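Contents: one structure, followed by commentary.
2 protein chains.
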Amino acid sequence: MKDVAQHAGVSTATVSRVLNGHAAPTPETRERVLAAIEELGYRPNALARSLRTTSTQTLGLVISDLLNPFFAEIARAVEDEARSHGYCVVIGNADESAEQEATYVRTLLDRRVDGLLLCPATDDPGLVREVSAGGVPLVLLDRTVRGATCPVVRADGSEALTALARRLVGAGHTRVGVIAGPPDTSTGRERTDVFTGALGGLAQVVHGDFRQESGSQAAAKLIDDGATALVAMDNLMGLGALAEIRGRGLRIPHDIALAVFDDQPWFPLLDPPITVVAQPTVEMGRAAARSLLALINGQQPDDVRLTAKLVLRGSLGEAEL
Amino acid sequence: MKDVAQHAGVSTATVSRVLNGHAAPTPETRERVLAAIEELGYRPNALARSLRTTSTQTLGLVISDLLNPFFAEIARAVEDEARSHGYCVVIGNADESAEQEATYVRTLLDRRVDGLLLCPATDDPGLVREVSAGGVPLVLLDRTVRGATCPVVRADGSEALTALARRLVGAGHTRVGVIAGPPDTSTGRERTDVFTGALGGLAQVVHGDFRQESGSQAAAKLIDDGATALVAMDNLMGLGALAEIRGRGLRIPHDIALAVFDDQPWFPLLDPPITVVAQPTVEMGRAAARSLLALINGQQPDDVRLTAKLVLRGSLGEAEL
DNA sequence: GACGGCCGTGTAATCGATTAACTACTGCGC
DNA sequence: GCGCAGTAGTTAATCGATTACACGGCCGTC
Numbered sequence: 015m016k017d018v019a020q021h022a023g024v025s026t027a028t029v030s031r032v033l034n035g036h037a038a039p040t041p042e043t044r045e046r047v048l049a050a051i052e053e054l055g056y057r058p059n060a061l062a063r064s065l066r067t068t069s070t071q072t073l074g075l076v077i078s079d080l081l082n083p084f085f086a087e088i089a090r091a092v093e094d095e096a097r098s099h100g101y102c103v104v105i106g107n108a109d110e111s112a113e114q115e116a117t118y119v120r121t122l123l124d125r126r127v128d129g130l131l132l133c134p135a136t137d138d139p140g141l142v143r144e145v146s147a148g149g150v151p152l153v154l155l156d157r158t159v160r161g162a163t164c165p166v167v168r169a170d171g172s173e174a175l176t177a178l179a180r181r182l183v184g185a186g187h188t189r190v191g192v193i194a195g196p197p198d199t200s201t202g203r204e205r206t207d208v209f210t211g212a213l214g215g216l217a218q219v220v221h222g223d224f225r226q227e228s229g230s231q232a233a234a235k236l237i238d239d240g241a242t243a244l245v246a247m248d249n250l251m252g253l254g255a256l257a258e259i260r261g262r263g264l265r266i267p268h269d270i271a272l273a274v275f276d277d278q279p280w281f282p283l284l285d286p287p288i289t290v291v292a293q294p295t296v297e298m299g300r301a302a303a304r305s306l307l308a309l310i311n312g313q314q315p316d317d318v319r320l321t322a323k324l325v326l327r328g329s330l331g332e333a334e335l
Numbered sequence: 015m016k017d018v019a020q021h022a023g024v025s026t027a028t029v030s031r032v033l034n035g036h037a038a039p040t041p042e043t044r045e046r047v048l049a050a051i052e053e054l055g056y057r058p059n060a061l062a063r064s065l066r067t068t069s070t071q072t073l074g075l076v077i078s079d080l081l082n083p084f085f086a087e088i089a090r091a092v093e094d095e096a097r098s099h100g101y102c103v104v105i106g107n108a109d110e111s112a113e114q115e116a117t118y119v120r121t122l123l124d125r126r127v128d129g130l131l132l133c134p135a136t137d138d139p140g141l142v143r144e145v146s147a148g149g150v151p152l153v154l155l156d157r158t159v160r161g162a163t164c165p166v167v168r169a170d171g172s173e174a175l176t177a178l179a180r181r182l183v184g185a186g187h188t189r190v191g192v193i194a195g196p197p198d199t200s201t202g203r204e205r206t207d208v209f210t211g212a213l214g215g216l217a218q219v220v221h222g223d224f225r226q227e228s229g230s231q232a233a234a235k236l237i238d239d240g241a242t243a244l245v246a247m248d249n250l251m252g253l254g255a256l257a258e259i260r261g262r263g264l265r266i267p268h269d270i271a272l273a274v275f276d277d278q279p280w281f282p283l284l285d286p287p288i289t290v291v292a293q294p295t296v297e298m299g300r301a302a303a304r305s306l307l308a309l310i311n312g313q314q315p316d317d318v319r320l321t322a323k324l325v326l327r328g329s330l331g332e333a334e335l
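Protein sequences appear in the order of chains A and B.
Residue numbers for the first sequence follow our numbering, so the first one is 15 and each next one is one higher.
Residue numbers for the second sequence follow our numbering, so the first one is 15 and each next one is one higher.
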């Protein structure tokens, strides 16, 4: 910056003013400064600027698993929304581990992100408190924690799950195997509670960990126990269940029905296409980013609750259509 | 930091030494400082530290599309490798747009990443030159550019594609539709060249843009032109082709054969499972991160060329088995 | 013609760390 | 008792920006 100033025959203050679009500098001075910048290929140091202004124009996003298309879509939406407001997003991959999640959150705080978007790995409010104590704007996404005091953005699947349960009962299923998420996550618990409640005793629950392998294992157990329908509460576990079903040579929906929480672009291409509860991922990501930006600007955004929809496609059998 | 120093009755220099594990401070002093840090909940400001040390312990990664599982896997692998060396990764999503790619690269440079990993959207070496001119360590990943002067990490699919072509010819296919990538990307061109060369005149090529929609359109055109086999040069275009095939009620492999470049976890679950050329994504990501770290440490890593493998699964028909 | 106001720039303090150079103290040998 | 080496800790410069305040020139008014 000093070089630029010297080159243009002005002080660094003037260079800074030109850079930040202040009213002061003469058009002529401005021109000289811009020429010098161009000539020297100068680019301002964002670190120094942030240090001085205490604003990084950066949002932190800590998600549970980048390989899960659900979170990838959310990340993408958050990024789009943030960018359109001049913010940049730094993504942290917690890998469904509370420990790694904490590490990432701290790293992001150390780098002074202007706000943080978090998909908490567990119910534990400890980390959320830590962030709040630091006074950093925080919005929870997809999942919440016990006694959360910050805005939460998530999808409500109750209606869709209730409708799904009704279909299954109506189709005469007697044992519905539920491949549930971890009981220490809000989404894991809530979805399972609503769904088993609506099934009224027909449900048999096995908990997985939101990963493919656990889906296969849970499916195996449930099939062995005589389940006539399987419902996976997350798309990766759904993939695992599907693999197990195929591995055993069972046919959907003839031998067993299947439904999955979270849609995927390839679900409609299976034979039969998979019935799902589809979350509005893009909306969730955008809404979360908007809430966080509002919080950063001193407003108090409300919680956002979007609605997940039941998409019937055929994997439950004719009964559904 | 001043607060901590005051609290512990020492100077900021001493606090800094404790923080950085310097030899100087007495165990007793160290203890007092750590206690003060603990008590005040102090966390060092990474911006200030980086400004002073000119090292951010951060790698930039600019990929073409986060929603493409191929890149998501790479990102994941890069992150793992980087983290294990104490580095953090900032991901930028270029969305297959050269403009957005340039924006991201500049943003990352402004934030003074210690090194940059780039999956270039096009062949154009302009951006690569810009980065090199800035003296920032750079490694190209998956794709290269014309006259690249930096290390490149990629997968070689020639062997697999040649074998694939041989199978198709052997099975008696007369018109093979190739859904190619953009001709201004190295992967798009190379894969197509090798494959059509090996097919010796049986190939009909339509270019897509590495996205699902373009895959469907290309497939439609090729099917209309009487293709008996379709090969998509990227997994998203493969997904699009599959959708088009299903949409027309065609059966694989009876009516048409299909193979895709890039594997996906759900390809084996289709009926029939899809034959693919599988790239070693995790290896690629790790290798790229390692090369970049080597470059940062002043070494001169070689280009890395990994091998993609043909995985036969059934979507080419009995001929393949 | 002198004075007050306004405008474009420059000077210098500041953000929060790191670190070279210096100071103060301890203890040892002669 | 004195000097010297060695060690623990402090002072202050520095990284590259932003910005409050000061300064000097120009113009209009009485």
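By construction, the Cβ of each residue, glycine as well, lies at the ideal position given by its N, Cα and C atoms.
Note that this is a predicted model, so its numbers are computed, not measured.
Under the three-state DSSP convention, the category residue i falls into
i	result
R319/A	strand
T289/A	strand
G74/A	strand
L61/A	helix
L330/B	coil
A50/B	helix
L306/A	helix
V24/B	coil
L33/B	helix
L80/A	coil
A273/B	strand
L283/A	helix
C-alpha distance - residue i paired with residue j, whole-angstrom precision
i	j	result
R125/A	L141/A	17 Å
W280/B	I288/A	13 Å
V29/B	A116/B	40 Å
T72/A	E45/A	30 Å
A322/A	E204/A	13 Å
Q114/A	L182/B	47 Å
L130/A	H187/A	44 Å
V32/A	I51/A	10 Å
F112/B	T136/B	The question names Phe, but residue 112/B in the sequence shown is Ala. Computed Cα separation, rounded: 7 Å.
L65/A	Y101/A	17 Å
V104/B	G55/B	26 Å
P294/B	T201/B	15 Å
F85/A	Q226/B	19 Å
G161/A	P151/A	17 Å
C164/B	V153/B	6 Å
P134/A	V47/B	32 Å
A91/A	G148/A	27 Å
M298/B	L320/B	7 Å
R143/B	G312/B	19 Å
H36/B	T67/B	15 Å
D207/B	H99/B	38 Å
For residue j and residue i, believed in contact at Cβ under 8 Å, the rounded distance
i	j	result
I338/A	A232/A	For chain A, the structure presents residues 15 to 335; residue 338/A sits outside this window and is missing.
L216/B	R189/B	6 Å
E95/A	A303/A	4 Å
L175/B	A212/B	6 Å
A246/B	G229/B	6 Å
R262/B	I237/B	7 Å
Buried versus exposed, by CB contacts within 10 Å (16 or more), residue i
i	result
Q314/A	exposed
R57/A	exposed
E4/A	An answer regarding residue 4/A cannot be provided, because it is not within the stretch 15 to 335 covered by chain A.
H268/B	exposed
N249/A	buried
P197/A	exposed
E93/B	buried
A49/A	exposed
G23/A	exposed
A301/B	buried
P41/A	exposed
S329/B	buried
T26/B	exposed
Alpha helix (DSSP H) segments (min. 4 residues) lying fully within the segment 96-182 of chain B: 112-124, 140-147
Quick one: which unbroken beta strand (DSSP E) runs of 3-plus residues sit fully inside the segment 183-265 of chain A? Chain order, please. 190-194, 217-221, 243-246
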